[in-house]
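> Just so we're aligned, residue 1 is where the sequence shown starts under my numbering, counting upward by one.
Before I ask anything, let me first share the structure, which is written out below as structure tokens.
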Amino acid sequence: MWWYLLWWLMICNGSTALGVAIVNRLHGCRLAVWGIHLSHKIHYLLLVVIPCVTLVVPGWFAPGLLRGGSWSELHPSWWIFSAICAVSTLIFWGSVVRRHCRRTPVQQLTIQTQQRDIAEELGGPPVGHGPYQWMTQLPGNEVFRLQITQREVNIPRLPAAWDGLSILHFSDAHYIGSLGRPYFERVLEHAQGLSADLICFTGDLLDDIELISWLPATLGRLQAPLGRFYILGNHDWHLDMDAIRQAMNDLGWQDISVTARQIERDGHVMHLTGSEFPWIDHQPTYEDVPETALRILLSHTPDNMARARRDGIDLMLSGHNHGGQIRLPVIGPVYCPSRFGCYYSEGLYFESPTLLHVSRGLSGRHPLRYGCLPEITKLVLRRG
Ligand SMILES: [Fe+2]
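Shown next, in the form of structure tokens:
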């Protein structure tokens, strides 16, 4: 009986972890909307079906392990499935331990954080009329609690001319209407108050193309002396990308998804490029870029890290994973749409020569945040 229960728990853990790993990796690929919805449905169905079938079939009927049946009579297919679940369980807990052991890279020199309760500031939760607005009312949901993070980071190759350069990085606004426009207006007021030299947005602007009308009152109000740069994300890819780009360009934002931009100060070049890969099959090239140029890449998904390292990128800014949105006690984030699972869920990563910052984003298609606050970040670059 006890052995059976332990075995059943291992099957539940392993099959769930395997399903989550497959869903995460599928969502890190270029997948059509119907494919995403289908994979969700199959995944949620299996989350219920596998534990039930494991209880009923080998537990009650054949060989009836709950009723004193013999393990030797267990069908070989169950042993194969058990082995797969056991491996999956080990990998899952290994990744949890690895996440707990991960330290912030030494490239982070200082960090300051503060929280703002946007609902309190506005005199009530800025709930909209979008399809998931009811989720904002769930107990403990922290979707209106903004974290403002300021990090001073060391960039080993930073030219002297760019020492002290500040970048406001934010991502994943996901305008769908569940969070009202006043939420974004107030968040971006706080962003403007950080007075950064340049502003970067790393995609997933809209989930409802009608809300393109929100742009002038939100992103359109941001200003920075060295410019505002953006790329789009997979949720924009499902909509009319040309219309979104046109609206952003009309507001003075610079699209660097295809055309790189260079800014020069005291003879030192800062080269800004973008990547919307794998949703848009275009990767930046660097043939004509001076060796000494500071290379900054905006990539919606952090999965492009290996390519960034090969291209000698100094600083890569990403979003997409939302920090997992829900971080469970001990386990941490579970769902991250990445080929690397939740490894690049949020924060700073250094893999020479590239420093990667992954933003948790402002929102998500589903307005759920538990242990994973929405954030805006100001990065101040310092010389190595
Ligand atoms: Fe997103």
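Ideal placement from N, C-alpha and C gives every residue a C-beta, glycine not left out.
Since this is a predicted model, take the numbers as computed values, not measurements.
Quick check on GLU287: does DSSP put it in helix, strand or coil?
For this step, residue 287 is matched to residue 287 along the sequence shown. Coil, per DSSP.
> Pull the bridge partners of PRO333 from the DSSP assignment, please.
Here the question's residue 333 lines up with position 333 in the sequence shown. BP columns for PRO333 point to ARG327.
> Would you mind working out which of ASN234, SER195 and THR16 sits nearest SER275, comparing C-alpha positions?
Taking the sequence shown and counting its residues from 1, one reaches residue 275 at position 275. Checked all of ASN234, SER195 and THR16; the closest Cα to SER275 is ASN234.
> Any chance the CB of SER338 is under 8 Å from a heavy atom of ligand 1?
For this step, residue 338 is matched to residue 338 along the sequence shown. False, no ligand heavy atom lies under 8 Å from that Cβ.
> If you measure from the CB of ILE169, is any heavy atom of ligand 1 nearer than 8 Å?
Position 169 of the sequence shown, counted from the first residue, corresponds to residue 169. For clarity, residue 169 is His in the given sequence; the question names Ile instead. No, the Cβ of HIS169 stays beyond 8 Å of every heavy atom of ligand 1.
> Taking a cut-off of 5 Å, which residues have a beta-carbon closer than that to any heavy atom of ligand 1, in chain order?
ASP172 and ASP204
> DSSP on ARG385, reduced to helix/strand/coil?
Absent from the structure is residue 385, since the part of the chain shown begins at 1 and ends at 384.
> Note down, one range per segment and in chain order, each alpha helix (DSSP H) of at least 4 residues found wholly within the region 223 to 264.
234 to 237 and 241 to 250
> How should ARG295 be labelled, buried or exposed, when 16 other C-beta atoms within 10 angstroms of its C-beta is the threshold for buried?
Along the sequence shown, read from residue 1 onward, the residue named residue 295 stands at position 295. Answer is buried; the Cβ neighbour count reaches 16.
> So, for GLU346: in the same chain, excluding its five sequence neighbours on each side, which residues have a beta-carbon less than 6 Å away from its beta-carbon?
Residue numbering aside, residue 346 sits at position 346 when the sequence shown is read from its first letter. Cβ neighbours of GLU346 beyond the five flanking positions: GLY323, VAL358 and ARG360.
> Indicate whether the contact test is met: 3 or more Cβ pairs, each with one atom in the region 210 to 226 and one in the region 285 to 303, closer than 8 Å.
no
> Answer with buried or exposed for HIS449, where buried requires no fewer than 16 other C-beta atoms within 10 angstroms of its C-beta.
Any property of residue 449 remains undetermined from this structure, which presents the chain solely from 1 to 384.
> Buried or exposed, going by whether 16 or more other CB atoms sit within 10 Å of the CB of LEU379?
Taking the first residue of the sequence shown as 1, we reach residue 379 at position 379. When all chains shown are included, LEU379 counts as buried.
> By the three-class DSSP mapping on this structure, what secondary structure does ASP117 have?
Start at 1 with the first residue of the sequence shown, and residue 117 comes out as number 117. If DSSP states are grouped into helix, strand and coil, ASP117 belongs with the strands.
> Does DSSP put GLY347 in a helix, a strand or coil?
Here residue 347 refers to the residue found at position 347 of the sequence shown. It is a strand residue.
> Does the region 165 to 181 come close enough to the region 328 to 338 to have 3 or more Cβ pairs within less than 8 Å?
no
> DSSP three-state label for ARG360, please.
On the sequence shown, position 360 is the one that residue 360 refers to. ARG360: coil per DSSP, three-state reduction.
> Run through the DSSP bridge pairs and tell me what PHE170 is partnered with.
The count along the sequence shown starts at 1 and reaches residue 170 at position 170. When beta bridges are read from the DSSP output, PHE170 appears opposite PHE201.
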